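Reading through the structure tokens given below for one structure.
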Amino acid sequence: MLSASSLYAAIDLGSNSFHMLVVREVAGSIQTIARIKRKVRLAAGLNSHNQLSIEAMERGWQCLKLFAEQLQDIPADQIRVVATATLRLAANANEFLGNAQTILGCPINVISGEEEARLIYQGVAHTTGGSDQRLVVDIGGGSTELVTGNGAHATELFSLSMGCVTWLERYFSDRNLGQDNFEQAERAARTIIHPVADALRAQGWQVCVGASGTVQALQEIMVAQGMDERITLSKLQQLKQRAIQCGKLEELEIDGLTLERALVFPSGLAILIAIFQELNIESMTLAGGALREGLVYGMLHLPGDRDIRQRTLQNVQRRFAIDAGQAERVRQLAAHFLHQVDQAWSLDERCRELLESACLIHEIGLSVDFKLAPQHAAYLVRHLDLPGFTPAQKKLLATLLQNQSNSIDLPLLSQQNAVPPRMAERMCRLLRLAIIFASRRCDDALPALHLLAHDDTLTITLPAGWLEAHPLRAELLEQESLWQSYAHWTLTFI
């Protein structure tokens, strides 16, 4: 039976939405027990004198009554409740907070913009893979946080007074999605970003991640339209033109955009375009967590300087009793193969990391059944919570594992959107070969071999007499050559 004392809760009273996250700690990571989100649009209730309307406060109190029921069995010292931009600004915030604290039965901390930025960064650092040198962007309802950092430590933190709800009321209040409204919204956002841009750029970053509902909405649109997961300025401009064509906010229809998010999407999009332009951002991906995760990990006091993907993969290996020695053997072979074909196939660091991740969990399907192990592996990876991996990256891992042996599903490799289809195909080929050559499950049985790649042709050079001395693997390689030929790939042996 689950002990109440093992549960932790984090609540974020945002300007657009109220969120609650309930988790428990599992092997140095968190397992989500419940998520509740309600669109309260608190910022929309602020008048010109920064007074919250009674209607907006009532919406907030009704939401907190839902949260309160879930909190009843969680110890008070394992609950954190924070309020952000709107309640920092509201002149009558105490009226709202007094009743809110009575409803929840625990204190509410109205945090500063800088503290909000710090917590967002901590949530990202604990849940998002990729380089440790990062820029984090979080567009909230009433404020936007921009943070640079290295590993678990933030280096520059800024909280700017613009958000998707306030920009909606200010620049799209007539519900007109015309070019003029977008230009005004973008120009105003750039004016606010400009004073901090030099300080952020001076820190530098290798990856940029977005931790907001705007970025999540963009990801969902891209997935629905078959694009890859990387957000770029050109994609944002295309979406802006699509919104302008719709004309009115009530008529905004874009494949993948939910009705719930549509109201504040144009204003969030305008702010994000301004951020891309002012900071010269090349591309952005979705973060794995943000403010609420930062609150939870702060309560758990877990280290944030350990590679999140490595931690996730090790947890999966333990949970599903994967042979870590064999997984490492396959990983080393795949990495060796990739190095040999690197110049010809141009597989980048992102591909290397994801290929090695697939190797480390490729036998997860054996925990269900041997006969359909690749299909079981794909199902498990597709549905597991894998901190550090984006939804698109999880889909790619599942696709690689489903294609690790026997027939090759080319459409499946094309449907993932983490990397271009040609790269996914090449990663698949290297994974399959690494599994075959490591099938004896011992280090001293691996031959000295060399791969040469030219377009879709792979040539493997083996020691003289090796195929004759290893008839089982020779048969496996001959069958693999046939499987790859059915996909119009050439695999030859010397």
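Sequential numbering of the sequence shown, starting at 1, is according to full-length UniProt numbering.
Heads up, the beta-carbon is just placed ideally off N, CA and C, and yes, glycines get one too.
A quick note: this is a predicted structure, and the numbers were derived from the prediction, not measured.
Three-state class that DSSP yields for residue i in the structure shown
i    : result
A418 : coil
K371 : coil
H454 : strand
F18  : strand
T461 : strand
C208 : strand
I11  : strand
M1   : With a pLDDT of 42 at M1, under the threshold of 50, the modelled position of this residue cannot be trusted; read the value that follows with caution. The answer is coil: DSSP assigns M1 none of H, G, I, E or B.
N315 : helix
I322 : coil
L135 : strand
N406 : coil
F389 : coil
M427 : helix
Exposure label - residue i; buried when at least 16 CB within 10 Å
i    : result
Q241 : exposed
L472 : exposed
E253 : exposed
T128 : buried
E293 : buried
Q402 : buried
T191 : exposed
G164 : In the sequence as displayed, the identity of residue 164 is Cys instead of Gly. With 16 or more Cβ atoms within 10 Å of its Cβ, C164 is classed as buried.
G210 : buried
I221 : buried
R80  : buried
N280 : exposed
Q310 : exposed
M1   : With a pLDDT of 42 at M1, under the threshold of 50, the predicted position of this residue should be treated as unreliable, though the coordinate-derived value follows. Under this definition M1 is an exposed residue.
F370 : exposed
Reference residue i; option with closest CA among the options
i    : options                   : result
Q184 : A117, L119, A270 and I108 : A270
R350 : Y379, L366, P107 and A392 : A392
G141 : G151, L160 and G130       : L160
L119 : F158, G105, C106 and N99  : F158
A243 : F182, Y379, A125 and A100 : F182
Q340 : L452, L13, A117 and L104  : L452
M284 : Y297, T390 and D348       : T390
E156 : T166, L135 and Q70        : L135
F493 : A487, I139, Y486 and L449 : L449
S173 : G226, Q216, Q122 and P266 : P266
V264 : T232, S407, T166 and Q416 : T166
Q375 : D385, H362 and L386       : H362
L467 : P411, Q314 and L446       : L446
R440 : A327, N315 and Q404       : A327
T41  : I54, A34, R24 and G60     : The question names Thr, but residue 41 is Arg in the sequence shown. Looking at the Cα atoms, G60 is the closest of the given residues.
D456 : V215, Q484, V330 and A125 : Q484
Whole-angstrom distance between residue j and residue i, CA atom to CA atom
i           : j    : result
E480        : N150 : 43 Å
R360        : T32  : A small correction: the amino acid at residue 360 is Leu; Arg does not occupy that position in the sequence shown. Spanning the two alpha carbons is a distance of roughly 24 Å.
V110        : R429 : 53 Å
S367        : K395 : 20 Å
K65         : A224 : 35 Å
Q332        : A474 : 21 Å
T461        : L491 : 11 Å
V147        : L97  : 28 Å
G14         : G213 : 12 Å
L458        : S234 : 35 Å
D323        : L400 : 19 Å
M423        : W345 : 8 Å
residue 507 : G298 : Residue 507 is absent from the model: the chain starts at 1 and stops at 494.
T312        : A9   : 22 Å
L87         : Y121 : 21 Å
V419        : I74  : 42 Å
residue 542 : A93  : Outside the modelled stretch of the chain, which goes from 1 to 494, sits residue 542, for which no answer is possible.
Within-8 Å CB hit, residue i to chain D
i    : result
S159 : Structure shown: chain D not included; a single protein chain is present.
Hey, which unbroken runs of the beta strand (DSSP E) at 3 residues or more fall wholly within the region 22-56?
Taken in chain order, the unbroken stretches of beta strand (DSSP E) that lie wholly in the region 22-56 and span 3 residues or more are 29-39.
Pick out the complete beta strand (DSSP E) segments inside the region 71-107, 3 residues or longer, and give them in chain order.
79-83
List, from N- to C-terminal side, the beta strand (DSSP E) runs of 3 residues or more that fit wholly inside the region 143-174.
144-150 and 153-160
Starting from the N-terminal side, write out each stretch of the alpha helix (DSSP H) that is 4 residues or longer and does not extend beyond the region 247-279.
259-262 and 265-279
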